[in-house]
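Novice:
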Amino acid sequence: TYVPFYSKSILFNSYLVHSRSYLNASVGVADYQIEKPLLVSIGFGQNFYFGTDYGVKIELDYLNFFKKSTYIQNQLTISVGLVFAWGENE
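Remember, our numbering sits 32 above the position in the sequence shown when you count from 1.
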């Protein structure tokens with residue numbers, strides 16, 4: 033993961049929002065019942081933190097399979113999630 037941008041913004045003139053943009057790249061193997069093709073994943077993500085213990089995460093990933101078939105094709109995935117941190121912050 034490479035994080036080229038980090039920023040602080042003010043939302044509605046009262047909330048401080050920390051955000052970071054990052055790039056992902058990985059190599060792996062998908063485990064399907066019919067076969068196990070190699071793949072490369074390239075993606076972009078953005079995190080928005082509204083406090084020290086919660087935020088929102090958005091990711092866009094492109095999965096490129098080296099061996100394609102009728103059942104296995106390249107995929108574009110979009111993920112949206114909530115980020116929570118429990119416990120003591122030091």
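All C-beta atoms in this analysis are idealised placements derived from N, C-alpha and C, irrespective of residue type, glycine included. Only a predicted model underlies this, so the values are computations on that prediction, with no experimental measurement involved.
Which residues in the same chain as F37 place their Cβ atom closer than 7 Å to its Cβ, once the five residues preceding and following it in sequence are excluded?
Specialist: R52 and S53
Novice: Exposed or buried, which one is G83 when buried takes at least 16 other CB atoms within 10 Å?
Specialist: exposed
Novice: Does DSSP put P69 in a helix, a strand or coil?
Specialist: coil
Novice: Have a look at I66, L70 and Y81 and flag the residue whose alpha-carbon is nearest the alpha-carbon of K40.
Specialist: Of I66, L70 and Y81, the residue nearest in Cα terms is Y81.
Novice: Using the rule of at least 16 other Cβ atoms within 10 Å of the residue's Cβ for burial, across every protein chain shown, is G75 buried or exposed?
Specialist: By the neighbour-count criterion, in which a residue is buried when 16 or more other Cβ atoms sit within 10 angstroms of its Cβ, G75 is buried.
Novice: The beta strand (DSSP E) that contains T109, what's its start and end?
Specialist: Under the DSSP assignment, T109 falls in the beta strand (DSSP E) whose first and last residues are Q107 to F116.
Novice: Return the chain-ordered list of same chain residues with a C-beta closer than 7 Å to the C-beta of Y34, the five sequence neighbours on each side being excluded.
Specialist: Excluding positions up to five away in sequence, the list reads Y54 and L55.
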